[in-house]
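Residue numbers (this note's numbering), protein chains in the order written: chain A, 18 to 558; chain B, 9 to 120; chain C, 1363 to 1577.
Glycine included, C-beta positions come from ideal geometry on N, C-alpha and C.
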């Protein structure tokens, strides 16, 4: 996007220097956001390729496309890549990095060089993991359960977990950066309860990142030690306990799912008020609910272990606690809905994504309650019901919110508008394709089809074909934004500072913003989301 | 050296003396036959030593509430990990269900 | 001293210092969570094999371990003095203290090395060559010694990083690099050092003092 001779080149963070070196050595949080965006997009499509092969295999009942062993490596690759290399960094490291300083009126994050280091560490971890894939992959599932991973698997376990170990440090440093930034760098007048909910969401996510991720890192190290030295901590024959691994693994991995969904909730809370022209209903409850989800989310990990041999009494405790975590989530869904009520709604592309998020997250959440019921989970665990549940939240929820956020803030990030018609088409296609892919999986799980099998009884074929058909539509839906967003970088209409007439501080600066975001540190005068539904006008913060 | 500084140095040395005394106490008491109290005493003394280091050397004495929360939060999280997992380990052998693996006959099977 | 400098993203030196302090405390919280699973493994092993862990612990070098604890506690004291001295601009005192801290840290590592050598020679290092004389406790002892080497090894790694940091600041300060080795940074290094000490305060009793009154 070179400035044309006829343009008056106003310096912004993009055009001030186009060299590769300036990108790779930048301390600017906005450029680091782009570095992340490019990398996670690449990894998303690698993970998507694995998913494509999975759905192709599952179109027929026989295991005829790939061997069982290869299939194991495919779903493991899909899980590892999508969880650690796409979902966890997606909203925080792309949108969070770009927006957090601007939303609070700061010039950058607290530790810009640490931010760049986070990205390099992320790339290093990603390369290790891809290296493990190139070397033949790993077949343990993304959960690396012992004793299979420690004693029996013949795949590249150590290489893969080294990659994940390294990726963990990238997350930890990002979380640390966000926490210090939100505490120490808010502009004058930006009190905690004037913060946009996107900031609250990323803040709570950062707390989870810094407290949970180190546990995963050490757990993977223990796994490696067990595999290499046969210590016996996870081996019952030597006095150990496989559930020790699972307690440690899920102590991180359950909060990890909240790392993946809380930022998405933050995005929804920015988009919905803007396109309903109405302030968020129950702002304080929304903030408290975010904190509630983050806290209670640390108490429920045992619900992944109901049939692993965990004591029934502990399972009952975890089941009850898992019901509790639904409460703050439900409060948020009610409040988004109440925000829409009597609003002046525009069905822009970001709004379509945000509404899709609310609906699909609700379905996913309700099925989460089903799985949290101990008596039901005994039958549904390790079936496609579980797969459908978490894909509704992570794909129907988080990925849609991510795309919604990318579209919403695209004008701010690039100074260009994306083509609205294509945006809406893609959003609807993704929504339709997603449901066609994953709703049949609830039925398959209910009927008893187990997960992680490359072949299945013929009576499940119809639903599987529907699911694979949906996946092909979903794939096209994901490719469309890749196409038109890239197109818009060169040919999109130039965006004004605040094309959506939104209220956040980030919209008070130019599109794209100057390098230091604000000429002077702004003073915040108002609460967030001061939209007037009567007139449709807004009062910026 | 100002008065303020010499006060600060003096306090530091006093804390060190306390730490050394506690070290001798924990080392010595370990050799006394006190049964389960050995463990309790040692952990208790360790906690006091760590508290002295945190409060006096790490300036938690004069720190904001926020810093104090950060200082303590990881301990709380670990307590959670240990505590909730303990509900599993303590009750593993009670009310067994069909999908649990049968208990081993050797001493590998503990009781929480 | 002229108006204190601060990085571009901050509005004042005070804001920068607060951010640095909060940052290092959050980092220490992550470090404690990182050690956590090792303590959890210990908790599992000790509660399932109390006699085995006691037997294993009796084979650790308690005298060297106790001396090392004293070494670290003393180094923390000197580090605290260094921090106060630097704040009061007593840079020569601060430099001397930092050098002593590093020296004690190195002493700790040397003593630890001696312990490791003895344990290696007694075949207590976990792996194919592991051997424990009391056969009925062999499995538990293997677990214990894995945790022992894991925890003390990780601790030693962190201590080494601390020593390097302290030496860098000591040398910088001795050469007059007052802005490089400023009070804020010394404070950050000191908090890290004290944390490493605090971890050892817990490692010492759980690794060295179990079962000393029996067996």
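Secondary structure note for residue 207 (chain A): it is in no alpha helix (DSSP H), with a DSSP letter that is neither H nor E. Contacts with chain C at 7 Å (Cβ-Cβ) do not include residue 326 (chain A). Counting only Cβ-Cβ distances below 7 Å, residue 465 (chain A) has no contacts in chain B at all, with the closest Cβ about 16 Å away.
The three-state secondary structure of residue 361 (chain A), taken from DSSP, is coil. Between the stretch 476-496 of chain A and the stretch 534-543 of chain A there are fewer than three C-beta pairs closer than 8 Å, too few to call the two in contact. For residue 1394 (chain C), the residues of chain B that pass the 8 Å Cβ criterion are 82, 83, 86, in the order they occur in the chain. Residue 212 (chain A) and residue 219 (chain A) have their C-alpha atoms roughly 11 Å apart.
Only buried fits residue 136 (chain A), as 16 or more other CB atoms lie within 10 angstroms of its CB. Think of a sphere of 9 Å around the beta carbon of residue 48 (chain B): no beta carbon from chain C falls inside it, the nearest being about 11 Å out.
When C-beta atoms of the stretch 63-81 of chain B are compared with those of the stretch 38-46 of chain B, fewer than three pairs fall below 8 Å, so the two segments do not count as touching.
Residues of chain C with a Cβ closer than 7 Å to the Cβ of residue 73 (chain B) do not exist, since the nearest Cβ in that chain sits about 12 Å away. Chain B has no Cβ within less than 7 Å of the Cβ of residue 1374 (chain C). Exclusion of the five residues before and after residue 1382 (chain C) leaves 1546, 1550 as the residues of its chain whose Cβ lies within less than 6 Å of its Cβ. Non-local beta-carbon contacts of residue 178 (chain A) in its own chain, meaning distances under 7 Å to residues more than five positions away in sequence, involve 161, 237, 240, 241 in chain order.
Shown here, residue 472 (chain A) sits in coil according to DSSP, grouped into three states, outside any helix or strand. Under the three-state reduction of DSSP, residue 555 (chain A) is assigned to strand. By alpha-carbon distance to residue 279 (chain A), the top candidate from A:518, A:185, A:217, A:322 is A:217. Here the C-alpha atom of residue 209 (chain A) lies approximately 28 Å from the C-alpha atom of residue 362 (chain A). Taking the beta carbon of residue 1519 (chain C) as reference, no residue of chain A falls within 8 Å; the closest one sits roughly 12 Å away. At least one CB of chain A lies nearer than 7 Å to the CB of residue 89 (chain B).
Within the same chain, and ignoring the five residues on either side of residue 287 (chain A) in sequence, the residues whose Cβ sits closer than 8 Å to its Cβ are 213, 214, 215, 422, 425, 519, 521. Looking at A:515, A:186, A:315, the one whose alpha-carbon comes closest to that of residue 138 (chain A) is A:186.
Taking 7 Å as the CB threshold, residue 1398 (chain C) lines the interface with chain B.
Taking every protein chain shown into account, the CB of residue 1488 (chain C) has 16 or more other CB atoms within 10 angstroms, so this residue is buried.
Within chain C, not a single residue places a beta-carbon under 9 Å from that of residue 33 (chain B); the smallest gap is close to 11 Å. Around the CB of residue 57 (chain B), 16 or more other CB atoms lie within 10 Å, so the residue is classed as buried. With its beta carbon at least 7 Å from every one in chain B, residue 1528 (chain C) lies outside the interface. Counting only residues of its own chain and dropping the five nearest sequence neighbours on each side, residue 436 (chain A) has a CB closer than 8 Å to the CB of 501, 504, 505, 509.
Just so you know, the alpha carbons of residue 262 (chain A) and residue 111 (chain A) end up roughly 32 Å apart.
Rounded to the nearest angstrom, the Cβ distance from residue 1561 (chain C) to residue 1415 (chain C) is 19 Å, too far for a contact under 8 Å.
At least one CB atom of chain B sits nearer than 7 Å to the CB of residue 1405 (chain C).
DSSP assignment within the stretch 71-108 of chain B yields the following whole alpha helix (DSSP H) runs of 4 residues or more, N-terminal first: 73-99. Within chain A, the residues whose beta carbon sits less than 9 Å from that of residue 1501 (chain C) are 249, 254, 255, 256, 257, listed in sequence order. When Cβ pairs closer than 8 Å are counted between the two stretches, the stretch 391-407 of chain A is seen to touch the stretch 451-464 of chain A, the count reaching three or more. Taking 9 Å as the upper bound on Cβ-Cβ separation, chain B lies near residues 260, 261, 264, 265, 268 of the stretch 260-272 of chain A.
The way I'd put it, the stretch 1504-1513 of chain C doesn't touch the stretch 1433-1445 of chain C; fewer than three beta-carbon pairs between them come closer than 8 Å.
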